[in-house]
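First comes the structure, then the notes that go with it.
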Amino acid sequence: MTPLGTSELLWIAGLGVVSGVLIGCIGIGGVILVPALIFVADVPIEVAIPAAMLAYILSGLVATTVFARNKSIHWGMAIGLCVGAAPAAFAGAWAVSVFNRLLLETCLGFLTFLSGLNSLRTRNAAEVSDARISNSVLLTVGVGTGFLSSLTGTGGPVVLVPVMISMSVPVLTAVGLSQAIQLPVAVAATAGNIFYGKLDLTLGGVLAASLTMGSWCGAKLAHAVPRATLRAAVSTVLVLIGTFIFANIGWRLVR
14 MTPLGTSELL
24 WIAGLGVVSG
34 VLIGCIGIGG
44 VILVPALIFV
54 ADVPIEVAIP
64 AAMLAYILSG
74 LVATTVFARN
84 KSIHWGMAIG
94 LCVGAAPAAF
104 AGAWAVSVFN
114 RLLLETCLGF
124 LTFLSGLNSL
134 RTRNAAEVSD
144 ARISNSVLLT
154 VGVGTGFLSS
164 LTGTGGPVVL
174 VPVMISMSVP
184 VLTAVGLSQA
194 IQLPVAVAAT
204 AGNIFYGKLD
214 LTLGGVLAAS
224 LTMGSWCGAK
234 LAHAVPRATL
244 RAAVSTVLVL
254 IGTFIFANIG
264 WRLVR
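Position in the sequence shown (first residue = 1) + 13 = the working numbering.
This is the structure in structure tokens:
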């Protein structure tokens, strides 16, 4: 990979702001970051994923703080999710270092596409303010979220939010939980990436600064505007991005 120029870094910073706003507001947005880095900025996937996971540490901390101040995080549920997510995220970092690049991109495409479909399917689902989920289920969901997030560089929210919504957890609570789980996932994945992978500190720093700015704005918006229309729009975009990834992979296989 050749070093990124100033114009490319500025474009990536803009992408980080947009992704951060969506992450902070509805919990879905990180999934557009890695595909854009790979297919638009031509950053290798084994470099893009570690840089994105590093960036999620600071942005996750900021968004979690905003949600916590607004009492929008169910800490009892968050603890169970985080306990399962952290070690699984470290394992996901190992998987990035050994898995085939095309396989990683295919996993990313499936996760993007299915996240969009699931969000569209559940956008009108009934929300139960006192939805009860057992600790064992939370632990299992945390493990799956941590591993898939680290493996694909999506941070946590894009996996967790659709799952929580499908369990009738209120949207704002689901997004709050996704912010809380993002921090331990990002820390554990980054530790694994330092040990196993390729960590571009310049790229990670640019993404961290821009994602953090966007996440702070998005978290504020989450408590001020209706999210149904925005979530539907983002879900549609996710489906389109997933389709684009599959088309790109198919084109490279047949050429």
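Glycine residues also receive a C-beta, built at the ideal position from the N, C-alpha and C atoms. This one's a predicted model, so the numbers in the text were calculated from it and none came from an experiment.
With distances taken Cα to Cα, identify the nearest neighbour of residue i among the options.
| i | options | result |
| --- | --- | --- |
| Trp229 | Leu46, Phe80, Val47 | Phe80 |
| His87 | Val34, Ala187, Pro239 | Ala187 |
| Ala235 | Pro57, Pro48, Gly29, Lys84 | Lys84 |
| Arg269 | Ile62, Ala76, Leu152 | The requested residue 269 is not part of the displayed model; the chain covers only 14 to 268. |
| Val75 | Pro57, Val34, Gly129, Ala201 | Val34 |
| Ala201 | Tyr69, Leu46, Leu152 | Tyr69 |
| Met66 | Pro197, Ser248, Ala49, Phe112 | Pro197 |
| Gly122 | Val30, Ala49, Gly218 | Ala49 |
| Met90 | Gly189, Pro57, Val31 | Gly189 |
| Gly218 | Ala54, Ser32, Ala64, Met177 | Ala64 |
| Phe103 | Phe52, Cys120, Ser162 | Ser162 |
| Thr249 | Ala237, Ala199, Val44 | Val44 |
| Glu118 | Tyr209, Ser179, Ile58 | Ile58 |
| Thr77 | Gly205, Leu185, Trp264 | Leu185 |
Tell me the rounded alpha-carbon separation between residue i and residue j.
| i | j | result |
| --- | --- | --- |
| Ile262 | Lys211 | 23 Å |
| Arg145 | Asn131 | 21 Å |
| Gly227 | Cys38 | 9 Å |
| Ile254 | Val172 | 15 Å |
| Leu216 | Thr203 | 14 Å |
| Ser191 | Leu22 | 27 Å |
| Phe257 | Thr125 | 10 Å |
| Phe112 | Asn148 | 31 Å |
| Ala232 | Leu152 | 25 Å |
| Ala245 | Ala221 | 26 Å |
| Pro183 | Ser72 | 23 Å |
| Ile178 | Val252 | 18 Å |
Just to confirm, is the Cβ distance from residue i to residue j under 8 Å?
| i | j | result |
| --- | --- | --- |
| Ala106 | Gly159 | no |
| Ala98 | Ile194 | yes |
| Val109 | Leu164 | yes |
| Ala54 | Ile25 | yes |
| Ser32 | Leu224 | yes |
| Cys95 | Gly155 | yes |
| Ala199 | Gly168 | yes |
With a threshold of 16 other CB atoms inside 10 Å of the CB of residue i, please say whether the residue is buried or exposed.
| i | result |
| --- | --- |
| Ala9 | Residue 9 cannot be examined here, being either before or after the span of the chain that is shown, 14 to 268. |
| Pro170 | buried |
| Ser20 | exposed |
| Val56 | buried |
| Gly29 | buried |
| Leu214 | exposed |
| Pro239 | exposed |
| Gly129 | buried |
| Gly27 | exposed |
What are the complete alpha helix (DSSP H) segments, minimum 4 residues, inside the segment 198-250?
-> DSSP runs (the alpha helix (DSSP H)) wholly in the segment 198-250: 214-235.
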